[in-house]
Structure formats: C-alpha cells, structure tokens
Ligand SMILES: [Mg+2]
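Residue numbers (my numbering): 1290 to 1457.
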C-alpha cells in the first residue's frame, strides 16, 4: 500500500491538503506569528512530518487562508517552520470564499497523478458535498486530535490517523 516504487520512480502520489489554524495550532497556542496572529506549534509540525514520512512521503498542498491573507511575513514564517522539519509547501489550492472542498476537487482534477490524499482541517466547509473528499477528511482540534469526518473513511485516512496517534 502507500507508495510502491518502480526503480527510483514513484508511480503513486500522495498529497496532504493542509489547513493551518486548528491543525498546526489551537486557540490555546501562545506563540505569535511575525504579523501578530497565532503562530504554529513545533510539536504539531513534528507530528505532521513524522506521519508523512511514515506514509512514504508526499506533497503538501496548502488550503489554509494563510495562502491568501498572510501575505506579509507570515507565509515565510510558515515556510521556515515547515522547512525546519524538511517539509515544504508544494502548491496551494484556489477557491472562492469558503468553497475549500471545491478548491481541492479542482486541484485533483488538474493533478490526476495524485491517487492518494488526505485533508487536514478543523472546519467542514463544503467537504461533505464531495464524498471522496469527505472520506479523506480528518477533522482536527490540533493535529493530535484528528477524527474521521466520514463514518466510512478511506484507507488513506485510516492509516494517516493511525500514524498521527502513534506520534502524538
Ligand atoms: Mg482552520
């Protein structure tokens, strides 16, 4: 399962669609970002990094408002924080308003090589409109508290959540 390899080439591709607030921090986080918002917690990034590594590697696609709103130093701050754990943002989704599920759906259609993915988010947005997304959504209260959105989660979500639990 996960990433089988042919020679050095992966032929399966895994992506994590990442929200930031409520995943890499909670309202109890006391660290501030450079622009004075709630920052991100190293311990939570470490869990994310560990789970991706256990999965066999994968791309991070940023879904969070941080991609739009944190145009000052905050996005650099986030990139630096992730870099500290050898993670980088591969891409960002585009969507209008709170249609975050639609944004992911569009991204997947444009990137057909992604055949396994999970979504980390503390909000439900429009995800339930897309059954395949819903089955891959882990609703967080901080990444260490990740719950299945669906009653019938996809295998990627089951595995990734297990890794999170092992690392928490
Ligand atoms: Mg959030």
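Where a beta carbon is used, it is the ideal one built from N, C-alpha and C, also for glycine.
Within the continuous beta strand (DSSP E) that includes residue i, where are the two ends?
| i | result |
| --- | --- |
| residue 1304 | 1302-1307 |
| residue 1405 | 1403-1410 |
Along the alpha helix (DSSP H) that carries residue i, what are the first and last residues, could you check?
| i | result |
| --- | --- |
| residue 1237 | The shown model of the chain, from 1290 to 1457, leaves out residue 1237, and the question about it has no answer. |
Using the C-alpha atoms, what's the distance from residue j back to residue i?
| i | j | result |
| --- | --- | --- |
| residue 1445 | residue 1455 | 15 Å |
| residue 1304 | residue 1428 | 16 Å |
| residue 1400 | residue 1394 | 10 Å |
| residue 1350 | residue 1382 | 7 Å |
| residue 1386 | residue 1327 | 21 Å |
| residue 1297 | residue 1447 | With a pLDDT of 46 at residue 1297, under the threshold of 50, the predicted position of this residue should be treated as unreliable, and no value is reported. |
| residue 1407 | residue 1310 | 17 Å |
Please classify residue i as buried or exposed, where buried requires at least 16 neighbouring CB atoms within 10 angstroms.
| i | result |
| --- | --- |
| residue 1319 | exposed |
| residue 1440 | exposed |
| residue 1424 | buried |
| residue 1357 | exposed |
| residue 1373 | exposed |
| residue 1442 | buried |
| residue 1314 | buried |
| residue 1317 | exposed |
What is the C-beta distance between residue i and residue j, in whole angstroms, given that I count them as a contact (C-beta under 8 Å)?
| i | j | result |
| --- | --- | --- |
| residue 1336 | residue 1453 | 6 Å |
| residue 1361 | residue 1324 | 5 Å |
| residue 1353 | residue 1426 | 14 Å between Cβ atoms; not a contact. |
| residue 1435 | residue 1450 | 5 Å |
- Task: Considering only heavy atoms of ligand 2, list every residue whose Cβ is less than 7 Å from one of them, following chain order.
- Result: Ligands displayed in this structure: ligand 1; ligand 2 is not among them.
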